[in-house]
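Worksheet: one structure, shown below.
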Amino acid sequence: ETGVTQSPTHLIKTRGQQVTLRCSSQSGHNTVSWYQQALGQGPQFIFQYYREEENGRGNFPPRFSGLQFPNYSSELNVNALELDDSALYLCASSPLHPGPSVRDTQYFGPGTRLTVL
Amino acid sequence: KNQVEQSPQSLIILEGKNCTLQCNYTVSPFSNLRWYKQDTGRGPVSLTIMTFSENTKSNGRYTATLDADTKQSSLHITASQLSDSASYICVVEAYNQGGKLIFGQGTELSVKP
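Residue numbers (the numbering used here), protein chains in the order written: chain A, -7 to 109; chain B, 39 to 151.
Structure representation (structure tokens):
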């Protein structure tokens, strides 16, 4: 088991609603990344936060937004939910060190299963 | 187009047998290539991580290889166990893109008694 926790475990929402998912990173890790994993697919990178700032973003619309707090925990917010947003949302923390030759390992949480009806 | 392709999509083997999973990628330049194991309903767990200058990396019964010239990697599992049943995902970290990881679709391995 990693030290990364996510809440809630499961969530059911309807189209058009908004959702907030939470992640607590492993102790000593200052970077959090969020991924969306559709059924039967590999995870897709949403964005990464480092020291409370967005530090890279994948191909997701602006209705996917995030926050990182001073204790390095993080939130993923999704507005105007669509049916295709149904997926497992994974959070991963890592001890990112700025610069080249990064060899950090991302530790994943168990994920939040979101179902949009 | 998917930048990380894995084969086979699924695989069934008998307990105790060996198997090899394949990964082809087009991500360039890249910082490192990783193999993860993901149990159903759980987050991925890192098995190996290799930079472009490394050819092989072992973690117990798991051995990963990397050929940066042909952009291919493999994961070899020796003496498989029932607990090896999981999805194995090849992941490439793009260079200098803020830690962005590009995942393959995974190979679903089932080990039967």
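We treat Cβ as the ideally placed atom computed from N, Cα and C, and that holds for glycine.
Would the beta-carbon of Q124 of chain A fall within 7 Å of that of Y41 of chain A? A question about residue 124 of chain A goes unanswered here, because the residues of chain A that appear run from -7 up to 109.
Beta-carbon gap between V(-4) of chain A and S65 of chain A smaller than 7 Å: no
How long is the line joining the alpha carbons of Y100 of chain B and S123 of chain B, rounded to whole angstroms? 13 Å
From the DSSP output, in three-state form, read off S121 of chain B for me. helix
Any Cβ of chain B within less than 7 Å of the Cβ of Q33 of chain A? Residue contact with chain B for Q33 of chain A: present (Cβ-Cβ distance below 7 Å to some residue of chain B).
Could you list which residues in chain B have their beta carbon closer than 9 Å to that of L82 of chain A, in chain order? G81, P82
Please list the residues of the stretch 94 to 128 of chain B that have a C-beta atom closer than 8 Å to any C-beta atom in chain A, keeping them in chain order. I127
Among B:K150, B:P46, B:T86, B:V149, which residue has its Cα nearest to the Cα of L71 of chain B? When each option's Cα is compared against that of L71 of chain B, the closest is B:T86.
Just list the residues that DSSP pairs H21 of chain A with in beta bridges. In DSSP, H21 of chain A forms no bridge with anything.
Pick helix, strand or coil for D105 of chain B, following the three-state DSSP scheme. Note: D105 of chain B maps to strand in three-state DSSP.
Out of A:F39, A:G103, A:R7, state which residue places its alpha-carbon closest to the alpha-carbon of P82 of chain B. A:G103
For L85 of chain B, decide whether its Cβ has a neighbour in chain A, counting only Cβ atoms nearer than 7 Å. No, L85 of chain B lies away from the interface with chain A (no Cβ there is under 7 Å from its Cβ).
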